[in-house]
Structures are given as structure tokens and as C-alpha cells.
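In full-length UniProt numbering, the protein residues as written are 1 to 150. Take a look at the structure below.
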Amino acid sequence: MEWTDETIARLRSLWAEGLSTAEIGRRLNISKNAVVGKAHRLNLPARPSPIRRTSGEAVPRPAQPKRTQGPTLPPLSSSVNTPAMPVLRAIIPTPKPQQPRATPCCWPIGEPGKPSFHFCNASAVAGKPYCEEHAAIAYVRVRDKREDVA
DNA sequence: CCCTGATTCGC
DNA sequence: GCGAATCAGG
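This is the structure we're talking about:
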């Protein structure tokens, strides 16, 4: 596994969003062990293991605020391909209710939660929330877990 | 047995 | 440093 700056960035994003290691692994097309292993190595915050089911309630999924005017993130298609979109939490660059066009690429740069965090903001591809560069790495085929050993 | 994450351990 | 294997817990 080549842990580039981008893969690590995505790992951190997904990790920070509260996704399970297995889920992150699925999204990045790697094993959960790789995820948890790398996460541990990166000294990422060991999130409260699910080994403690929240009585009746689902896992504490922090509500993700929508960008007032941001581009609509593509829906997850669990049947076809799942774009590993690094949804952010409460990091809104400039909630200016303007700029009806020239959608900025919302690819996360840096670590979510840190003040230095920012979006790519390059010109996004029409119909996509990312610029060409980041759209390429954002929309990865993730449904190749098909290993039918007939 | 299912799920989860954590750590260990060989590469 | 990497991740599978193993371990631990629900």
C-alpha cells in the first residue's frame, strides 16, 4: 500500500468522520487492518470502539452541516461505484451566499479541524464538486471486492 | 457468529 | 513502515 499524502489525507478525513476502520478500508480499497494499522502508526485518535453499543441509539454520527451554497455531493451508490468523497464537518471556508457559478473544488487540504485546513477551491469540473485533478482521485472504483471463488 | 478497533508480529 | 493475523470486547 502506497501511503501518499493524499491517501493519508483521505484516511484522516474518513477517520475523523467517524467511519469504521472496515468502512474506510472498503472506501480506500484496502483492508481494515491496513487502516487501523496505519491509523495507529499515524497516532490518529483512537476513536471509542464500537465495543460499547450506544443503548438503542446508532453510532454517534456527528451531523454534517451542509454548505449553504456549496455543490451537492454525489449520492452514494452502493451498487455501482462509491465515490470516496471526503465530506467535511464544520469547516466552511466562506459562507458567502454568492458565487452562483465557478464552483470551487471542495477537496480538503490539510487536516480537518485545524485552522490551516482549507479546500482546493480550484475550478471544479461541471457536475462534480472537485476539480479535474481531485475528481480523478475522488472517484475511485471501489466495487472490485468481487472475488468469487466458484 | 456477527460486528468493531488494538496490538502483535513477520515481512 | 506495511498489513495480516491475532487478540480483545460487544
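Every residue gets a Cβ at the ideal spot worked out from N, C-alpha and C, and that includes glycine.
Collapsed DSSP secondary structure at residue i in the structure displayed
i: Ala39; result: helix
i: Ser13; result: helix
i: Ala34; result: helix
i: Ala124; result: strand
Alpha carbon of residue i to alpha carbon of residue j, nearest angstrom
i: Ala9; j: Ala126; result: 24 Å
i: Pro108; j: Ser31; result: 23 Å
i: Ala22; j: Lys128; result: 26 Å
i: Asp5; j: Ser20; result: 21 Å
i: Thr7; j: His40; result: 15 Å
Proximal residues to residue i (C-beta, below 6 Å), its chain only, five neighbours per side dropped
i: Ala122; result: Cys105, Cys131
i: Gly25; result: Ser31, Lys32, Val35
Cβ-based neighbour list, residue i, same chain, cut-off 8 Å, excluding 5 preceding and 5 following
i: Ala124; result: Pro71, Thr103, Pro104, Cys105, Cys106, Tyr130, Cys131, Ala135
Contacts around residue i, its chain only, beta-carbon distance under 7 Å, and the 5 residues preceding and following it disregarded
i: Trp3; result: Lys38
i: Met1; result: Ile30, Ala34
Distance cut-off 7 Å: residue i Cβ against heavy atoms of the ligand MN
i: Ala22; result: Among the components of this structure there are no ligands whatsoever, and the ligand MN is therefore not found.
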